[in-house]
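Q:
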Amino acid sequence: MTIHIFITMLLLLAFLIGSIWFAKKKYQINLAVLGLGAVAFFVSSQILEKLVHILILHPQKDGSIALLQDHPLVYIIYGLAMAAFFEETARLVFFKWLEKKRSLEKADALTYGLGHGGLELIFLGLTSLLNLYIVLSAVQTQNPQVMQLLSENMLKTIQSLSV
Numbered sequence: 385m386t387i388h389i390f391i392t393m394l395l396l397l398a399f400l401i402g403s404i405w406f407a408k409k410k411y412q413i414n415l416a417v418l419g420l421g422a423v424a425f426f427v428s429s430q431i432l433e434k435l436v437h438i439l440i441l442h443p444q445k446d447g448s449i450a451l452l453q454d455h456p457l458v459y460i461i462y463g464l465a466m467a468a469f470f471e472e473t474a475r476l477v478f479f480k481w482l483e484k485k486r487s488l489e490k491a492d493a494l495t496y497g498l499g500h501g502g503l504e505l506i507f508l509g510l511t512s513l514l515n516l517y518i519v520l521s522a523v524q525t526q527n528p529q530v531m532q533l534l535s536e537n538m539l540k541t542i543q544s545l546s547v
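The opening position of the sequence shown corresponds to residue 385 in the numbering used here, with each subsequent residue numbered one higher.
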């Protein structure tokens, strides 16, 4: 199972790098716009949106969130709305700023998307897979100290994945 995680991580990275390379060759994308797309994603979702989550959701020290436990559908709608608001606002602000600096090109949308989506792929995709690998490895060792840290449901889920 763990080799599959590494293969998936490598394929995701290869897809991202290949997409950037293809866009650079075919559309002559501006790598500065790509980098700024990544910065816009980071600032909007990893800084500003997380601050709002802390203020509104009041996560506990153990990571639990009352809204998730009590009203999971409302939590999902909240999460979708916040992601849409912050990420789309970042996109709007970025393109308004870029438009003041120079005229927009068709490739700018693709380039921004590659930067934004590329960093999102790294942050969410690769780190989630890395966390999965760490937890799977810890459970597969059958270390009692590790096993005590995980809930019964978590252990069942992990063991079903590793079969």
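Glycine included, every Cβ here is placed at the ideal spot set by N, Cα and C. The structure presented is a predicted model; accordingly, all values stated were derived computationally and were not measured.
Note down the Cα distance separating Q532 from A522, rounded to an integer number of angstroms.
A: Looking up residue 532 in the sequence shown gives position 148. Looking up residue 522 in the sequence shown gives position 138. Rounded to the nearest angstrom, the two C-alpha atoms are 11 Å apart.
Q: Just to confirm my understanding: we take F479, look at its own chain, exclude 5 residues before and 5 after, and list those with CB closer than 6 Å. What are they?
A: Position 95 of the sequence shown, counting from 1, holds the residue named residue 479. For F479, where only same-chain residues beyond five positions count, there are no Cβ hits under 6 Å.
Q: Tell me where the alpha helix (DSSP H) around K490 begins and ends.
A: As a position in the sequence shown, residue 490 is number 106, starting the count at 1. 490–504 is the span of the alpha helix (DSSP H), which, as asked, contains K490.
Q: Is it a yes or a no for the segment 499–506 touching the segment 419–427, going by three-plus beta-carbon pairs under 8 Å?
A: In short, these stretches touch, since the Cβ pair count reaches three.
Q: Locate the alpha helix (DSSP H) running through Q453, then write down its first and last residues.
A: Here the question's residue 453 lines up with position 69 in the sequence shown. Taken as a continuous stretch (DSSP letters only), the alpha helix (DSSP H) holding Q453 covers 450–454.
Q: Report the three-state DSSP secondary structure of H388 (helix, strand or coil).
A: Taking the first residue of the sequence shown as 1, we reach residue 388 at position 4. Helix.
Q: Would you kindly report the start and end of the unbroken alpha helix (DSSP H) that includes H437?
A: Looking up residue 437 in the sequence shown gives position 53. 433–441 is the extent of the alpha helix (DSSP H) around H437.
Q: Distance check for V477 and N537, CA to CA, integer angstroms please.
A: Taking the first residue of the sequence shown as 1, we reach residue 537 at position 153. Taking the first residue of the sequence shown as 1, we reach residue 477 at position 93. Rounded to whole angstroms, N537 to V477 spans 43 Å at the Cα level.
Q: Can you tell me the Cα-Cα spacing of V346 and T473, whole angstroms?
A: Here the chain covers residues 385 to 547 and nothing more, so residue 346 does not appear.
Q: How close, in whole Å, do the beta carbons of F470 and S429 come, if the pair is a contact with beta carbons under 8 Å?
A: Translated into positions along the sequence shown, residue 470 becomes position 86. Translated into positions along the sequence shown, residue 429 becomes position 45. About 6 Å; that satisfies the 8 Å criterion.
Q: Does L514 pass the burial test, meaning 16 or more other C-beta atoms within 10 Å, or should it be called exposed?
A: Position 130 of the sequence shown, counting from 1, holds the residue named residue 514. Exposed, by the Cβ-count rule.
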